[in-house]
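Asks:
There are 2 protein chains.
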Amino acid sequence: MSLDLRKVAEVDRLIHEPARMMIVTILSVVDSADFLYLQRETELTKGNLSSHLSKLEAAGYIDIQKTYRGKIPLTVCKLNETGREAFAIYRSQLKYIVENT
Amino acid sequence: MSLDLRKVAEVDRLIHEPARMMIVTILSVVDSADFLYLQRETELTKGNLSSHLSKLEAAGYIDIQKTYRGKIPLTVCKLNETGREAFAIYRSQLKYIVENT
DNA sequence: ACAAACTGGTTTGCTATACAAACCTGAACG
DNA sequence: CGTTCAGGTTTGTATAGCAAACCAGTTTGT
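Those protein sequence lines, which keep their order, are chains S and Z. First residue of the first sequence? That's 1 in our numbering, and the numbers climb one at a time after it. First residue of the second sequence? That's 1 in our numbering, and the numbers climb one at a time after it.
Here it is in structure tokens:
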């Protein structure tokens, strides 16, 4: 094992959480996604999804636009540049771990 | 993204936790390790290390032998077969994720 | 010989997190 | 109209991580 354990200790726990990893993974490939789409894909409950989105937003990783589709509320989420970078770093850390254990 | 999000949702959270990932990673390559060695390597506090070890033991992933080195207490930890399998599965899940995002 | 300090841990208490149930607002429908 | 449904948010609870405090026993200093 040539693995530097510091790299394990330092993974971005915001993304490391599986629920958020799913969200970020989706957002990393779709430009933007609405709440219900994310819910269907992740199979999270609404409450759960809502709070994870809030956390990602608070971290500055995603932007959330509250708008309407016709008369129905619509929440659109987008991974911003900060989030994309954080995800890229996280993935490279994961890659490093996978390759060195 | 051809990634199956279920695989992300289903990672073994016992190992997924960075502190425990460090512990299991060490144990996967050393046959056995004592408490203080693990503490030095992981840089966890004693309390923290102690509780993570208990959790891994409760999960049936490691065996803990309490013995003495001379007159000084010595706690020796070993990743057992169950733990090795769980770690192998976890690593393959991680590999899958890294390769498909 | 006895107090002080050190070893090798465990237990306790606090904070933060994940999660789902309950709730809310407004639109559609019968 | 009142019931249902869409699209969420807030609240309550249980668990998890973490470090401080604690503890049993050993060594060291005087």
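Glycine included, C-beta positions come from ideal geometry on N, C-alpha and C.
Sort out for me which residues DSSP pairs GLN65/Z with in a bridge.
Replies: Position 65 of the second sequence holds residue 65/Z. GLN65/Z is bridged to VAL76/Z.
Asks: Smallest Cα separation from PRO73/S: which of GLU81/S, LEU79/S, GLY60/S and ILE64/S?
Replies: On the first sequence, position 73 is the one that residue 73/S refers to. Ranking GLU81/S, LEU79/S, GLY60/S and ILE64/S by Cα distance to PRO73/S puts ILE64/S first.
Asks: Can you give the beta carbon distance from LEU5/Z to THR42/S, rounded, assuming they're within the 8 Å contact cut?
Replies: As a working mapping, residue 5/Z is identified with position 5 in the second sequence. As a working mapping, residue 42/S is identified with position 42 in the first sequence. About 6 Å separates the two Cβ atoms, so the contact holds.
Asks: So, for LEU14/Z: in the same chain, excluding its five sequence neighbours on each side, which residues have a beta-carbon less than 8 Å away from its beta-carbon?
Replies: If you number the second sequence from 1, residue 14/Z lands on position 14. So the qualifying residues of the chain are ARG20, LYS55, LEU56, ALA59, TYR61 and ALA86.
Asks: For a contact defined as C-beta to C-beta under 7 Å, what are the partners of ILE89/Z on chain S?
Replies: Taking the first residue of the second sequence as 1, we reach residue 89/Z at position 89. Ordered by position in chain S, no residue passes the 7 Å Cβ test against ILE89/Z, which lies about 13 Å from the chain.
Asks: Start and end of the alpha helix (DSSP H) containing LYS7/Z?
Replies: Taking the second sequence and counting its residues from 1, the one referred to as residue 7/Z is at position 7. Element bounds for LYS7/Z: 5-9.
Asks: With DSSP collapsed to three states, give me the class of ALA86/Z.
Replies: The residue labelled residue 86/Z in the question sits at position 86 within the second sequence. Three-state DSSP puts ALA86/Z in a helix.
Asks: I need the straight-line Cα distance from VAL30/Z to HIS16/Z, nearest angstrom please.
Replies: Sequence index remark: in the second sequence, residue 30/Z carries index 30 (1-based). Sequence index remark: in the second sequence, residue 16/Z carries index 16 (1-based). Between VAL30/Z and HIS16/Z, the C-alpha separation is close to 20 Å.
Asks: Just the chain Z side, please: which residues come within less than 8 Å of GLU41/S by C-beta, in chain order?
Replies: Looking up residue 41/S in the first sequence gives position 41. Simply LEU5.
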